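One structure is given below, encoded as structure tokens.
Protein chains: 4
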Amino acid sequence: MSDSTAVEGAVLPALRLDRLPEVTRALADRADAHDREASFPADGIALVHDAGLLTATVAARHGGPGAGLTDTVRILRALGAGDPAVALISAMTLFVHAAEARTPRWPTAAYAEFLHTAADRPALVNHLRVEPELGSPVRGGLPATTARRAGDHWLLTGRKIYSTGAVGLDRMLVWARTDEDPVRVGSFLVRKDSPGLTVEPTWDHVGLRASRSDDVLFDGVRVPVDDVVALAAPGPATPDAVGGAWGALGLTALYLGVAEAARDWLVGFLHERVPTGLGAPLATLPRFQSAVGEIETALTGATVLVDALAADIDAGDPDAPGRAGAAKLLGTRAAIGAVEQALQLTGNHGLTRANPLQRHHRDVLCSRIHTPQDDSLLTAAGRAALDRHPLAAKDTP
Amino acid sequence: MSDSTAVEGAVLPALRLDRLPEVTRALADRADAHDREASFPADGIALVHDAGLLTATVAARHGGPGAGLTDTVRILRALGAGDPAVALISAMTLFVHAAEARTPRWPTAAYAEFLHTAADRPALVNHLRVEPELGSPVRGGLPATTARRAGDHWLLTGRKIYSTGAVGLDRMLVWARTDEDPVRVGSFLVRKDSPGLTVEPTWDHVGLRASRSDDVLFDGVRVPVDDVVALAAPGPATPDAVGGAWGALGLTALYLGVAEAARDWLVGFLHERVPTGLGAPLATLPRFQSAVGEIETALTGATVLVDALAADIDAGDPDAPGRAGAAKLLGTRAAIGAVEQALQLTGNHGLTRANPLQRHHRDVLCSRIHTPQDDSLLTAAGRAALDRHPLAAKDTP
Amino acid sequence: MSDSTAVEGAVLPALRLDRLPEVTRALADRADAHDREASFPADGIALVHDAGLLTATVAARHGGPGAGLTDTVRILRALGAGDPAVALISAMTLFVHAAEARTPRWPTAAYAEFLHTAADRPALVNHLRVEPELGSPVRGGLPATTARRAGDHWLLTGRKIYSTGAVGLDRMLVWARTDEDPVRVGSFLVRKDSPGLTVEPTWDHVGLRASRSDDVLFDGVRVPVDDVVALAAPGPATPDAVGGAWGALGLTALYLGVAEAARDWLVGFLHERVPTGLGAPLATLPRFQSAVGEIETALTGATVLVDALAADIDAGDPDAPGRAGAAKLLGTRAAIGAVEQALQLTGNHGLTRANPLQRHHRDVLCSRIHTPQDDSLLTAAGRAALDRHPLAAKDTP
Amino acid sequence: MSDSTAVEGAVLPALRLDRLPEVTRALADRADAHDREASFPADGIALVHDAGLLTATVAARHGGPGAGLTDTVRILRALGAGDPAVALISAMTLFVHAAEARTPRWPTAAYAEFLHTAADRPALVNHLRVEPELGSPVRGGLPATTARRAGDHWLLTGRKIYSTGAVGLDRMLVWARTDEDPVRVGSFLVRKDSPGLTVEPTWDHVGLRASRSDDVLFDGVRVPVDDVVALAAPGPATPDAVGGAWGALGLTALYLGVAEAARDWLVGFLHERVPTGLGAPLATLPRFQSAVGEIETALTGATVLVDALAADIDAGDPDAPGRAGAAKLLGTRAAIGAVEQALQLTGNHGLTRANPLQRHHRDVLCSRIHTPQDDSLLTAAGRAALDRHPLAAKDTP
């Protein structure tokens, strides 16, 4: 079939980037309801799946479209403009497929099986890393979640927090330590509905409410002994600069989509609102034109920046991943700033829940909480700049 | 000859982008003296010429290197880091050659003659547009400078202000009106040392002092009747979006170069400065690392943005010129902000004239004064965003 | 009795400023529940009444404590730190009493009767001014709400929006026009439970949810013919500079209270949060100390500013009211900025609804929507500065 | 005489606050020349002396006007608006007199003699504290400048930097250590023209050029053995909170004066500038009105803040000195921000040395360099806020 992609006897949905605008609209129609109820957006995920967007990054060698980061940021910006909760849940799956496309690390059978599922229905996967005691895992340390060897299985016990899309995940890549001596760490592949697996509905955030980033409890969950990704001695994580850049640029694009939705609502409002005393739409006032110009300029700059780095990364530019942190910091600031300015311009209209702007605002505030966070990015960027200086060597004794 | 480019019997200096670092250093060595004396940097211009940078944008069909905007922003960033006055004077010449490469408008003989000069020595050219009474010409209106027909010559009379590099220009493209009925406007080509031409040393700015952007008086200056570029009926200027983008991106790159020089000085200072109480360089303090990170992040983002749009424009992307305004606004803000932060971090050390930072600061403040200015950019960006909305049509009666 | 104040046979609750801390705490305990349910905080209003805070500004000549603006900003800051919805509802009543204390305008009997009610139980009053068609009334124009004369009564018909505390008001001062020729405008005194009066629960804001600033419908509501305040020919409102300053400073203080609550939560969080890798509270890190310092500095400055102007106004300084707009603009920016910074510092912890910071954030964003809004304040301040110049006269033809 | 103040046989000039406007104007007339030449403004100091402003803070018990901080900030704001170099030099003398008025620490004869000089002519005095090796003295450490005992004199040797007004000082209070065992530190009183005293004209700053904050070298300068102020064992400086507040508020007022001068120039420019296309002054455009409103609002807020704290300090409020740091940080930011905005609004006109705005800008940037600097203020404010929390005790082991 010309319209689809074959994978080992299964057929992934064809990638239909041309359907992005309609997907955005359909997601937007349901976003308010999901936000109010903080309900998992299964309907939205289905739409994303149907348009082939959820499997866009499956490698060509696996029968997928092999979309790069350029397409991924385009997809995530569009989904983010519709419903950023759907976009975030989708992003996690896209990132897992993209990582596997770059460097195969899953057990072969496990990935093939997962792709078969993905051909049938929306198949979500996500890394579960964060634990209550730990702070963010990227800053080092052993996980408390522990895999105990029992014959041909691991028994996994622990708690993960901030587990985006937990109730809808087909697979969880649970970062855990073994109880071996010497200890090893890796990502244990847990299937949905495994006995001992419980999702606790702890997520009650101001924003991205439908992302259901709940706690997940593992109480002796069985994982086949080979279903572990990258099991190895603990140590300073080999920095995956390209993977980090996918995350940074992909999520920045997602929140730029939120800001675009806010801008679009604002533009419509300014056209529709005709104060009695003015007799013309607010859109005709220089003050509002200039303010919209600030928003537009910020979003244009951030979008060009993200797109340019995504293209550079797809082209294999070795310097590009090192600039992704700057794009995240500047891009999320631009997105937040744009929505905040829209709020300032619209007074009560922007703050009432009858209009979506306040939701965009609550959502866009979540852009800062994804790692790496601003303070880490700034310190890293500063050290890199300082280290390029000839005198840098002598600072460190 | 492998090292040069032939042009109709003359030889333009070969374009040596590899020499940019040394040119930057050589310009930087002399920048303080030129700033203090507000003296025309003829020595720096000669260096730029020798490295083929001043003729980089001469079209291949004219025997030049035919450099595009990608190379031009690279050149101007490097020159700006050395001496932005040299860079600004050079930029004007580069823009004129680039415009002629895109769309030939000079009289053929006049351009050929100018290229012969450019093969022999640094040959500078600039548009002289601004007049005391007019405000900025891009906002419309007829010039007061008038060309009166006298046989096979025009006699040109008027005053131009902000004429960058005036004392060093080989050619001036003087925007003027004719005394005909109906009136025409165009750029009259004036040669250096023409009788009736006087440069008044009125330029006494806080920054870019060596750019010598003086007043130029024309008192019946003779211009051969054919030496006029684009003589035509006045009217709304055909917007030259690509030319505008060259100016916006080129000058933004120039000031990003200034900011890079400020960052480099700051980084050196932080490595060299070892407070007694600390016993280690300031560079080891998280507070300074984070602050340098802010600067580095801003400059990285702005540089990627400018470079990406320059590449898009070279590739003929029709949407790219429309984004150049955003890059100018964001890029000059980034440049100014970076230098201001460096000033804040260094106290008395940054403000003393014994160190170059205060000069970088005075120079970078000039970035905002080049047209289009921020308020115009914002209003234009806002209107464009508002006009994309379906309701836009009904706003205008 | 030493503990109370006599009023024409009734006894207003004694003003107990010493009880402010406990009232703040009690309100804070219930604020989350009222926010989630968007429920009218009758319990909180009762506490405010019991401590004599709701009648603090009743004039001494009416048997009240006669508190000035100095005490009022202190009260509103404390109430705002507890529950800004309670504070806002209370503020409206305090402002009405204070205005009556400065310049009696109520019918004598009506005010006496209202004070008797206020002696018995929490008696709330508010001006209802804003209408859907009108924009904000301070910018001029006739109200659409109309009073038709019917014998010894007016029959009031219309709709008011943003009617803070509507369901709990004992009295509404409804700004309306008469159907007379020539027309008059004034504030018609409507009692709770009047036939024809309906409160529509339209208020669904992101912040100040418990303020219940609903729509109120009047369908032929009877108002005794004398129960009208300041009935007069329409015209440019006599600017009540002192009354405007009470509103501006009082509401700014209220939101500074919200910001104080946010700061206090942040400080506690930084003391309690001990990252594993750090082994000490976040409060020990210079980065957080400096960030708290930004917040503290902003709040200190804004609080001194508001308090100083309040004292000046109580002292009758004629220049002070003209500075109240600056205090509102700077004070609300400081309050919003402080809470936003706290959000940035605390990531997921600040954004989860398990913690109050996100509520403080949603609440403090409402500070900007009270008139006069920032754009009006800035234009007014700018014009005043420009008009002081000798050349100002010639600008206006 | 009714118009003067008697002091032990001498007569200090009468304090004439009513002459502040004319002094401001006279200083402003000469400020540009002093800035260009970086020349000591002896003429301006004479004007300040003649109006009694230089001795305003001499205590009543010494026959002076005994002006408090309220008058001092008023004086310094007015002088700063005229010529901040004159203001800064004067401020140092005012602070010394004020400190002596609060707590007598000078040798009696030495102070009496100094007052006699001050009756005859402008008598300047300043603390010389900073040394090249030391960083700022407020952060602790022993000075390198050393007093060696030789009979009934000390012989003082060392170098001080940033010695404001050095060439014009009648007295220098030179912070130095003795060569005794155990060592003592104190302020050694050096007279002008002492043998061994050399002023090196090292001051070449971008701003406050006429303040001549040069290096001073002491090569065995003789100081009578009793002419030492506060000679004592070294140790953590007893924090002089009130003295610190005088410095913080006084200097902030000075720079607010600079910003007022910038605003006044801007206002005049906007009235005078009539673009051809507009046909009316820029002052009539809402964009400029709003921008002036930003500046005006910032300056109003900062001025009320400084004035309020000055009054509180004069009234002995024990909490007020602790808030002076906030006023310095917010006030200098307001001053710098106001001038920067004026620069942004005026393009080339603001940046040319033909207009004073660029000088105001260079001057106002110096506001940040006076101790305590922003980072110290923020950390101190943050720690104070954190330390108020009940959990604070447990942070420190």
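Residue numbers (numbering that gives the first Met the number 0), protein chains in the order written: chain A, 0 to 396; chain B, 0 to 396; chain C, 0 to 396; chain D, 0 to 396.
We put the beta carbon where it would ideally sit given N, CA and C, even for glycine.
Bear in mind the structure is a predicted one, so any value in this text is a computation, not a measurement.
Contacts with chain C at 9 Å (Cβ-Cβ) include Tyr161/A.
Judged by DSSP in its simplified three-state form, His348/D adopts helix.
At a cut-off of 9 Å, the C-beta of Arg322/B has a neighbouring C-beta in chain A. For Val205/C, there is no enclosing beta strand (DSSP E), as DSSP gives it neither H nor E.
In chain order, Asp374, Leu377, Thr378 and Gly381 make up the part of chain C whose C-beta sits under 8 Å from the C-beta of Ser289/D.
At a cut-off of 9 Å between beta carbons, Thr299/C contacts chain D. Under the Cβ criterion of 9 Å, Glu339/B is not counted among the residues facing chain A.
With fewer than 16 neighbouring CB atoms inside 10 Å of its own CB, Pro389/D falls in the exposed class.
When the beta-carbon positions are compared, Gln343/C and Thr351/C stay at least 9 Å from each other. Residues of the region 104-126 of chain B whose Cβ lies closer than 7 Å to any Cβ of chain D: none. Buried is the label assigned to Pro83/B, since at least 16 other Cβ atoms lie within 10 Å of its Cβ. Between Asp49/A and the set Glu21/A, Leu68/A, Ala109/A and Ser38/A, the nearest pair of CA atoms involves Glu21/A. For Thr296/C, the chain D residues whose Cβ falls inside 8 Å of its Cβ are Gly324, Ala325, Leu328, Leu329, Leu376, Leu377 and Ala380, in order along the chain. Using beta-carbon distances, Arg148/D does not count as an interface residue toward chain A, since no partner is under 9 Å.
The C-beta distance from Gly79/A to Leu255/A rounds to 7 Å, short enough to fall under 8 Å.
When DSSP reads this structure, Gly157/C sits in a beta bridge with Phe217/C. Restricting attention to beta strand (DSSP E) runs no shorter than 3 residues, the region 350-378 of chain D encloses none. For Glu36/C, the enclosing alpha helix (DSSP H) begins and ends at Leu19 to Glu36. Three or more Cβ pairs drawn from the region 377-385 of chain A and the region 289-301 of chain B lie within less than 8 Å of each other, which places the two stretches in contact.
For Pro106/A, same chain residues with a beta-carbon under 7 Å away, outside a window of 5 residues either side, are Asp225 and Asp226 in chain order. Leu155/D places its beta carbon less than 9 Å from that of Gly195/D. Beta bridge pairing from DSSP links Pro223/B with His152/B.
In the structure shown, the three-state DSSP call for Arg76/D is helix.
With contact defined as three or more Cβ pairs closer than 8 Å, the region 252-272 of chain A and the region 266-285 of chain B are not in contact.
DSSP places Glu99/A inside the alpha helix (DSSP H), whose first and last residues are Pro83 to Arg101.
With fewer than 16 other Cβ atoms from the protein chains shown falling within 10 Å of its own Cβ, Glu179/B counts as exposed. If you draw a straight line from the Cα of Ala392/B to the Cα of Pro235/B, it comes to about 22 Å.
Between the region 184-195 of chain D and the region 70-79 of chain D, the count of Cβ pairs shorter than 8 Å is below three; the stretches do not touch.
In the structure shown, Arg382/B adopts helical secondary structure according to DSSP, grouped into three states.
The three-state secondary structure of Leu14/B, taken from DSSP, is coil.
With contact defined as three or more Cβ pairs closer than 8 Å, the region 272-291 of chain A and the region 117-128 of chain A are not in contact. The beta carbon of Arg367/C is closer than 8 Å to those of Thr331, Ile335 and Asp373 in its chain, skipping five residues each way along the sequence. Annotation for Val189/C: the continuous beta strand (DSSP E) segment containing it runs Val184 to Arg190. In this structure Phe113/A is in contact with Arg170/A, their Cβ atoms being roughly 6 Å apart against a cut-off of 8 Å. In the DSSP assignment, Trp174/D falls within the beta strand (DSSP E) that extends over Arg170 to Thr177. Around the C-beta of Asp316/B, fewer than 16 other C-beta atoms lie within 10 Å, and the residue is accordingly described as exposed.
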